[in-house]
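Notes follow the structure.
2 protein chains.
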Amino acid sequence: MAKLSIKDIAQRCNTSITTVSFVLNGKADEKRISVELKEKILKTIEDTGYKQNQFARGMRTGKTNIIGLIIEDISNAFFSAVARIIEEDAYKRGYKIIYCSTDDNTEKTKELIKLFVERNLDGYIITPPKGVEDEIQSLIDRKIPVVLFDRYFPGLETDYVVVDNFNTSKKAVQHLFDSGFEHIALVTTSSDQNQMLERLNGYEKTILENGKEPKILKIPFTCSPEQSVKEIVTYLKENKEVDAIFFSTNYLAFKGLEAINQLKLTIPDDFAVVAFDDQDFFRIYNPSITAVAQPVRDISLKLIDIILQKMNSEEKLVEKVVLSTNLIVRDSSVKRCIK
Amino acid sequence: MAKLSIKDIAQRCNTSITTVSFVLNGKADEKRISVELKEKILKTIEDTGYKQNQFARGMRTGKTNIIGLIIEDISNAFFSAVARIIEEDAYKRGYKIIYCSTDDNTEKTKELIKLFVERNLDGYIITPPKGVEDEIQSLIDRKIPVVLFDRYFPGLETDYVVVDNFNTSKKAVQHLFDSGFEHIALVTTSSDQNQMLERLNGYEKTILENGKEPKILKIPFTCSPEQSVKEIVTYLKENKEVDAIFFSTNYLAFKGLEAINQLKLTIPDDFAVVAFDDQDFFRIYNPSITAVAQPVRDISLKLIDIILQKMNSEEKLVEKVVLSTNLIVRDSSVKRCIK
DNA sequence: TAGGGATACTAAAATGATTTAGCAATATTA
DNA sequence: TAATATTGCTAAATCATTTTAGTATCCCTA
Numbered sequence: 001m002a003k004l005s006i007k008d009i010a011q012r013c014n015t016s017i018t019t020v021s022f023v024l025n026g027k028a029d030e031k032r033i034s035v036e037l038k039e040k041i042l043k044t045i046e047d048t049g050y051k052q053n054q055f056a057r058g059m060r061t062g063k064t065n066i067i068g069l070i071i072e073d074i075s076n077a078f079f080s081a082v083a084r085i086i087e088e089d090a091y092k093r094g095y096k097i098i099y100c101s102t103d104d105n106t107e108k109t110k111e112l113i114k115l116f117v118e119r120n121l122d123g124y125i126i127t128p129p130k131g132v133e134d135e136i137q138s139l140i141d142r143k144i145p146v147v148l149f150d151r152y153f154p155g156l157e158t159d160y161v162v163v164d165n166f167n168t169s170k171k172a173v174q175h176l177f178d179s180g181f182e183h184i185a186l187v188t189t190s191s192d193q194n195q196m197l198e199r200l201n202g203y204e205k206t207i208l209e210n211g212k213e214p215k216i217l218k219i220p221f222t223c224s225p226e227q228s229v230k231e232i233v234t235y236l237k238e239n240k241e242v243d244a245i246f247f248s249t250n251y252l253a254f255k256g257l258e259a260i261n262q263l264k265l266t267i268p269d270d271f272a273v274v275a276f277d278d279q280d281f282f283r284i285y286n287p288s289i290t291a292v293a294q295p296v297r298d299i300s301l302k303l304i305d306i307i308l309q310k311m312n313s314e315e316k317l318v319e320k321v322v323l324s325t326n327l328i329v330r331d332s333s334v335k336r337c338i339k
Numbered sequence: 340m341a342k343l344s345i346k347d348i349a350q351r352c353n354t355s356i357t358t359v360s361f362v363l364n365g366k367a368d369e370k371r372i373s374v375e376l377k378e379k380i381l382k383t384i385e386d387t388g389y390k391q392n393q394f395a396r397g398m399r400t401g402k403t404n405i406i407g408l409i410i411e412d413i414s415n416a417f418f419s420a421v422a423r424i425i426e427e428d429a430y431k432r433g434y435k436i437i438y439c440s441t442d443d444n445t446e447k448t449k450e451l452i453k454l455f456v457e458r459n460l461d462g463y464i465i466t467p468p469k470g471v472e473d474e475i476q477s478l479i480d481r482k483i484p485v486v487l488f489d490r491y492f493p494g495l496e497t498d499y500v501v502v503d504n505f506n507t508s509k510k511a512v513q514h515l516f517d518s519g520f521e522h523i524a525l526v527t528t529s530s531d532q533n534q535m536l537e538r539l540n541g542y543e544k545t546i547l548e549n550g551k552e553p554k555i556l557k558i559p560f561t562c563s564p565e566q567s568v569k570e571i572v573t574y575l576k577e578n579k580e581v582d583a584i585f586f587s588t589n590y591l592a593f594k595g596l597e598a599i600n601q602l603k604l605t606i607p608d609d610f611a612v613v614a615f616d617d618q619d620f621f622r623i624y625n626p627s628i629t630a631v632a633q634p635v636r637d638i639s640l641k642l643i644d645i646i647l648q649k650m651n652s653e654e655k656l657v658e659k660v661v662l663s664t665n666l667i668v669r670d671s672s673v674k675r676c677i678k
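Quick mapping for you: the protein sequence lines, in order, are chains A and B. Positions 1 to 339 (the working numbering) are the ones given, in order, by the first sequence. Positions 340 to 678 (the working numbering) are the ones given, in order, by the second sequence.
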């Protein structure tokens, strides 16, 4: 069974390629194709199982129906959860997803964007590392739909979906104060991406509002897992007064728990702990870990909504979405009643 | 700046489209293009930043340089780790990955395969749910490269990469006996996929070899998280003699830990625990959880190797790879010395 | 010096769709 | 009844590439 082309369908129906094409593209009415002929063509397509050749189609229309998902790390629970929902929803609407991880590496990301653009993807969902402003701007200039998430570039007029990092931090840190902890440290990355800065600012503001001194440990993204744990261990040894820690990412919270284990200290007696990004792990851990839950589902659906809307209309309105988070208080941030 | 085509390059070099195409496809020598002309063309391409149009190319060659990754669930730590490595390696070699999750749903998977085939992907890496034998066979018949992983169909002559589930189970269960536990239960899915059956068989064999009775709890994949936990709780209440549990998947181990927490029981005093699939979580948990580590990196690289080799050669040899696993003994499966 | 072979290149077909411009037949209006 | 509008359809250009089947030129040899 050789592959069927539109020509074969036309021949079987004693009509022209043009007419079949019109029917295929839902332009039968607009182009005044008679109902009988339309039905006949549709039936033939159904019977033969004919499928349009996507290359030929893409060649004319320049459309692929593929969205590029360029995220920091597909193996991170937060990003893979988002990827999962985006993928699912995109498929339902007839789009496919090509994905890749940036490792938050600027050069890698630039290359990936170039690679994807060569492939004529229809739209991009990106968690940009720093330094790719020009590439993003160039996409926008070329009228290629883009939406950023998790972070954005304040100087760039782009669509994005983020959470309210500043107030989330405030809420988390204030909760620790309210629970009776006094010397609250922040463990964060040394990244100067805006979401990280906002988490940092929220922390500092709350610390100062409570008349305390900020205590911050920054760990580079490139730091190896072992080294990260070591740094936290060292920091905690050298700052004995610290009685609570706010981790600005889920993976740093992991490292922190390892560090506390290594020190043979306990939560929340020695340290209270709050993490950014909730996940099953934190609920099951002993003690359960207080965390800030990002609205993964809302973020994902909003991303798809925006990108599809941009892909299917000429309108140039820019949508900036800031979602709020949910502090889930668990055992790790509440002082135990010593009986 | 309008988009450049091969025609523009040809004009700038005062040569033909054909010649440029030969140079582009590395056939310059074969087709006896003079070195000077070749250099000139290459330089022009470099200078102008010309890129081949992938549609037109795909239309002629039928090649997309895209591999379809069809896995059970991208948000599962094991699969996302594999996806991460595959993606990374594929990019390095000039291939892109389109992915999707099957949810282990037969109908969904069939649709996905159909969808991908319409897009003319060059190859497929699949964790098949049951019931898609015909679709896989049809890919093979059409000479489309496929490699399965995590599981396979014994009746089908396909390439695959799996771990030695039977002996892994044996090793895990025997370890529990060796550590002094006597009534070892298995918590597994009710799936009859071959990897699950082998894990089950390995368990039963070892139990019988040690002169004991198998105790098995099966939980359907479709069971909700809450319900799963409830089932385990009930089972443990009704089988008081059980002193150790082997979980056949990582997510079941999660449920099991939750169940044990709910029962306010402790590991390993009340139950020893061993899980299938290692992850950070198990190392950090209190107590740390003994787990069987699949060689994620080896699995991923082998998958890419096989699929690329099949994509780039006519040879029909079928590669069946069975990798061994690594039992990582941690606190959850070793009796404490009561001092 | 005719014929063969190597060298360096190219014209044109083919791939499978979309879309513009337009044609023929019929219906409607002035 | 002639002009115009509507209906229903199609020929052919176009998209950017690969690849087949050449051609023209030069060199060598018998």
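We put the beta carbon where it would ideally sit given N, CA and C, even for glycine.
What would DSSP say about residue i, mapped onto helix, strand or coil?
i: K370 (chain B); result: coil
i: V673 (chain B); result: coil
i: N105 (chain A); result: coil
i: T48 (chain A); result: helix
i: Y430 (chain B); result: helix
i: D159 (chain A); result: strand
i: K218 (chain A); result: strand
i: K96 (chain A); result: strand
i: L656 (chain B); result: coil
i: K339 (chain A); result: Bear in mind that the predicted position of K339 (chain A) carries a pLDDT of just 48, short of 50, making it too unreliable to give a figure here.
i: T15 (chain A); result: coil
i: I9 (chain A); result: helix
i: F488 (chain B); result: strand
i: T545 (chain B); result: helix
i: L69 (chain A); result: strand
Can you pull the chain A neighbours of residue i, defined as C-beta to C-beta under 9 angstroms?
i: M398 (chain B); result: N53, F55, A56, G58 and M59
i: S639 (chain B); result: None at all; the shortest Cβ gap to chain A is about 11 angstroms.
i: N600 (chain B); result: I284, N286 and S288
List the residues of chain B that residue i touches, going by C-beta distances under 9 angstroms, in chain order.
i: N120 (chain A); result: N392, Q393 and F394
i: I98 (chain A); result: I405, K435, I436, I437 and Y438
i: E87 (chain A); result: I413, Y438, C439 and S440
Going along chain A in order, which residues have a C-beta closer than 7 angstroms to the C-beta of residue i?
i: A422 (chain B); result: I74
i: Y434 (chain B); result: Near Y434 (chain B) there are no residues of chain A at all, since even the closest Cβ is about 10 angstroms away, more than 7 angstroms.
Can you pull the chain B neighbours of residue i, defined as C-beta to C-beta under 7 angstroms?
i: F254 (chain A); result: D619 and I623
i: S80 (chain A); result: I413, S414 and S419
Out of the options, which one is the CA nearest neighbour of residue i?
i: T383 (chain B); options: B:S360, B:K370, B:C352 and B:N549; result: B:C352
i: V500 (chain B); options: B:R538, B:V661, B:Q618 and B:A592; result: B:V661
i: P287 (chain A); options: A:T189, A:I267 and A:Q174; result: A:I267
i: S639 (chain B); options: B:I465, B:P493, B:G519 and B:N651; result: B:I465
i: L197 (chain A); options: A:L208, A:E231, A:P154 and A:E315; result: A:P154
i: F418 (chain B); options: B:C439, B:F505 and B:Y434; result: B:C439
i: R538 (chain B); options: B:K509, B:N549, B:F516 and B:C562; result: B:K509
i: L547 (chain B); options: B:V512, B:P467, B:I425 and B:I436; result: B:V512
i: I599 (chain B); options: B:K569, B:D616, B:R622 and B:K482; result: B:K569
i: E653 (chain B); options: B:V581, B:T561, B:I479 and B:F488; result: B:I479
i: K51 (chain A); options: A:D8, A:R32 and A:N76; result: A:D8
i: S587 (chain B); options: B:R481, B:E472 and B:T507; result: B:T507
Identify the contact partners of residue i in chain A, using a Cβ-Cβ distance below 8 angstroms as the criterion.
i: L596 (chain B); result: I284
i: Y430 (chain B); result: C100, L112 and L115
Determine which residues share a DSSP beta bridge with residue i and list them.
i: T290 (chain A); result: A:V274
i: V668 (chain B); result: Its beta-bridge partners do not exist; DSSP assigns none.
i: G462 (chain B); result: B:I406
Using a C-beta to C-beta distance shorter than 8 angstroms, which residues of chain B count as neighbours of residue i?
i: Y124 (chain A); result: None at all; the shortest Cβ gap to chain B is about 14 angstroms.
Flag residue i as yes when its Cβ comes closer than 7 angstroms to any non-hydrogen atom of the ligand GTP, and as no otherwise.
i: V162 (chain A); result: The ligand content of the structure shown is nil, which means the ligand GTP is not present either.
Are the stretch 639-651 of chain B and the stretch 419-429 of chain B touching, with three or more C-beta to C-beta distances below 8 angstroms? yes
Inspect the CB distances between the stretch 174-193 of chain A and the stretch 211-225 of chain A and report whether three or more fall short of 8 angstroms. With the cut-off at 8 angstroms, the stretch 174-193 of chain A and the stretch 211-225 of chain A touch.
Contact between the stretch 33-41 of chain A and the stretch 65-83 of chain A: three or more CB pairs below 8 angstroms? no
Is the stretch 458-472 of chain B touching the stretch 389-408 of chain B, taking contact as three or more C-beta pairs under 8 angstroms? yes
Is it the case that the stretch 250-260 of chain A contacts the stretch 268-278 of chain A, given that we only count it when at least three CB pairs across the two stretches are under 8 angstroms? yes
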